[in-house]
Amino acid sequence: MAPALPLLLLCVFVPPVVPEPFGPGDGAEDPKALQVSIPRRPALDAVLAGDITIPCLISYLGPPPTAGTAGRRAVLGAPRVKWTFISEGREAEILVARGDRVKVSEDYRLRASLPVFQQRHTNASLLLTELRPNDSGIYRCDVQHGIEDGHDILDVKVKGVVFHYREGSMRYAYTFAEAQEACARIGAHIATPEQLYAAYMGGYEQCDAGWIADQTVRYPIHTPREACYGDMNGFPGVRNYGVVDPEDMYDVYCYAEELPGEIFLETAPDKFTLEEAAARCRALGAELASTGQLYAAWNAGLDACSPGWLADGSVRYPIVTPRERCGGALPGVKTIFLFRNQTGFPDAQSRYDAYCFREGTNSFPEAAREPEGLQEIVTVAEKLEELQLPRAQVEIESRGAIYAVPFFEDAELEKPSPSPEDALGTGARHPPLDSVSPAAPLPGAGVPRGCGAERGSRDPAEQGAPGTVGECAVPGHEPSRT
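Residue numbering for the sequence shown follows numbering that gives the first Met the number 0, beginning at 0 and increasing consecutively.
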């Protein structure tokens, strides 16, 4: 009996096998041991040129694994965090972090950081500064810790849009004080330098000098060219004339953000004059929308291929999804101008649809169905020589030039340089491409560039002399007479 005693004692003193105290997560039926969440409340307020912190919280169903944990959960001390931006089905890495080491992608250098993560590894919130229009999209927070991983996503929409605005009767018509009043009159504010730069970084280009809030005059250029010099060194940039005499005359860059109501398109078989459009909106308990309100609605997704009256007497229409018959291949708020040099609002007796604004909601109907029989809206803005600044002030620089090819010009003979807007895709926001009113005769505009006009020659219409519309012999395409 003595030899059996050790065996008996062994059976008594061997402790039973119990699960590790880390908690569930090993078995397929267990919930994940690591959870990642992006809280939806409070709602994030993402505005152009501002900052945003997207929260990403990490939690464990038990003590987090450490370097001293035994078994297959042995890992390095801190979790690995990766932030990704997703837009139009494409992914772009923002940053990757583990512990004190953070690698930020070049496209987000100096803009993206994890302000709390190094002090608290359960908080991987992303700080993104100097927001741009193309920062709108889906943000994904991926966390990996040992064999455990998790992720969450959040859709972010950057509010706010910068747009160029000018007096209907002429170019460069505002003093600094008048420029501020003009933006306020159309339901907007004069843009700040930060807002204009953020819009530029998002793809915005406009070769027209305009006032901004700090009393400087600037314009954003992605494709430097004659009369549109960018940073004046042959590189893209926001051209800055510096602080200018407040009595000098320029256009203005305005900024619109909030839309405290809804914009809707109102139409009729015979369309409306300006007065009839205003009366129709009033009859519906609304008013003619302002230009700033239409830009804000476009920025929020309004798309309608129907030119309509606005409160300032202009005729515009918002295009989110470009199509050739609706003003060209780029999105934007399109404008119907009376003259080829992009001045003059249509005559008040012309007939168009109406864009109405009603307070109380911040939504608008889905894009109106394109009316039957709608004629193609043709974009015909000539490339013009610009007014020159005094040579003592800026050597060989103009106040900006409209850069577009007349629709009757031989596109193969003279194409503009590829625009960065095309490379950004249809999801990015772009400067408006403006149109000549089909209801009004064109004034003399000189000879189009494709018809042999000498480079540097001034347009007769710009000099005040009667000009003639040039005709280009393009096979199968007649120049417009409207």
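Idealized CB from N, CA, C, for every residue including glycine.
Residue ranges of each beta strand (DSSP E) within the region 127-170, 3 or longer
Counting whole runs of 3 or more residues, the region 127-170 contains the beta strand (DSSP E) stretches 136-144, 147-155 and 160-164.
Got a sec, what are the start and stop residues for the beta strand (DSSP E) L94 sits in?
L94 -> beta strand (DSSP E) spans R89 to R97.
CB-CB length for C182 against C253, believed under 8 Å
Contact check for C182 and C253: beta-carbon distance about 4 Å, within the 8 Å limit, so the pair qualifies.
Grab the span of the beta strand (DSSP E) containing Y218 for me, first residue to last.
That run of the beta strand (DSSP E) goes T215 to I220.
Using beta-carbon positions only, say whether P219 and V237 come within less than 9 Å of one another.
Yes; because the gap between Cβ atoms is below 9 Å, this pair is in contact.
With burial defined as no fewer than 16 other Cβ atoms inside 10 Å of the residue's Cβ, what is the status of R119: buried or exposed?
In the assembly as shown, R119 is an exposed residue. Its beta-carbon has fewer than 16 other beta-carbons within 10 Å.
Does DSSP put P317 in a helix, a strand or coil?
Here P317 sits in strand by DSSP.
Is the beta carbon of G284 less than 9 Å from the beta carbon of R357?
Between G284 and R357, the C-beta gap is smaller than 9 Å, which places the two residues in contact.
Less than 9 Å between the beta carbons of C355 and F263, yes or no?
Yes, Cβ-Cβ distance for C355 and F263 is below 9 Å.
Measure how close the beta-carbons of V101 and Y173 come, nearest whole angstrom, since I'm counting them as under 8 Å.
Wrong, their Cβ atoms sit about 46 Å apart, outside the cutoff.
Write down every uninterrupted run of the beta strand (DSSP E) in the region 277-357 whose length is 3 residues or greater and which is fully enclosed by it, in chain order.
Counting only unbroken stretches of 3 or more residues, the beta strand (DSSP E) elements lying wholly within the region 277-357 are 314-318 and 331-336, in sequence order.
How big is the Cα-Cα spacing for A96 and A123?
Using only the alpha carbons, I get a separation of about 9 Å.
In whole angstroms, what separates the C-alpha of K270 from that of Y351?
K270 and Y351 have their C-alpha atoms some 5 Å from each other.
What residue range is occupied by the uninterrupted beta strand (DSSP E) comprising E499?
The question about residue 499 has no answer here: the residues shown for the chain are numbered 0 through 481.
Work out the CA separation of S313 and I185 for me, nearest whole Å.
Roughly 11 Å between the two C-alpha positions.
Using the Cβ count rule (16 or more neighbours within 10 Å means buried), how would you classify N232?
Exposed.
How should R194 be labelled, buried or exposed, when 16 other C-beta atoms within 10 angstroms of its C-beta is the threshold for buried?
In the sequence under discussion, the amino acid at residue 194 is Gln, which differs from the Arg named in the question. Under this definition Q194 is a buried residue.
Taking the alpha helix (DSSP H) that Q34 falls in, what are its first and last residues?
Looking at the DSSP string, Q34 is not in any alpha helix (DSSP H); the run it does join, the beta strand (DSSP E), is L33 to S36.
For Q292 and N133, the rounded distance between their alpha carbons
If I take the Cα positions, the gap works out to 20 Å.
I need the straight-line Cα distance from L125 to C55, nearest angstrom please.
When rounded, the distance between both Cα atoms is 7 Å.
Just list the residues that DSSP pairs V103 with in beta bridges.
DSSP, once it has assigned bridges, lists L94 as partnering V103.
Strand pairing of T83, partner residues [DSSP]
In DSSP, T83 forms a bridge with E92 and R139.
Ignore the nearest five residues each way along the sequence and tell me which others in A276's own chain have a CB closer than 7 Å to its CB.
So the qualifying residues of the chain are L287, W308 and A353.
Should S305 go down as buried or exposed, given a rule of 16 or more other Cβ atoms within 10 Å for buried?
With 16 or more Cβ atoms within 10 Å of its Cβ, S305 is classed as buried.
Given W82 as reference, the closest of G49, W210 and S112 once Cα atoms are compared:
Taking the Cα of W82 as reference, the smallest distance to any Cα among G49, W210 and S112 is reached at S112.
Option nearest Q117 by Cα separation, candidates V160, A176 and G98:
Closest by alpha carbon: G98.
Pairwise C-alpha distance: C325 and Y203:
Whole-angstrom Cα-Cα distance: 20 Å.
Round the Cβ separation of L127 and R110 to the nearest angstrom and send it over; I've been treating them as touching at under 8 Å.
Taking the Cβ atoms as the reference, L127 lies roughly 6 Å from R110, within the contact range of under 8 Å.
If we call anything under 9 Å between Cβ atoms a contact, is F336 one with A255?
Not in contact: F336 and A255 (Cβ atoms no closer than 9 Å).
Nearest CA to the CA of S104: which residue from P114, F84, V115 and R89?
Check the Cα spacing between S104 and each of P114, F84, V115 and R89: the tightest is with F84.
Residue of K333, L153 and E257 minimising C-alpha distance to G159
Looking at the Cα atoms, E257 is the closest of the given residues.
Measuring only from the beta carbon, is E92 closer than 8 Å to any heavy atom that is part of the ligand FAD?
Because no ligand of any kind appears in the structure shown, any question about the ligand FAD cannot be addressed here.
Where does N232 sit, in a helix, a strand or coil, going by DSSP?
Looking at N232 - three-state DSSP - the assignment turns out to be coil, as it is neither helix nor strand.
Which word fits S135, buried or exposed, when buried means at least 16 other C-beta atoms lie within 10 angstroms of its C-beta?
Classification of S135: buried, given that the 10 Å Cβ count is 16 or more.
Please state whether DSSP places C206 in a helix, a strand or coil.
Correct three-state label for C206: coil.
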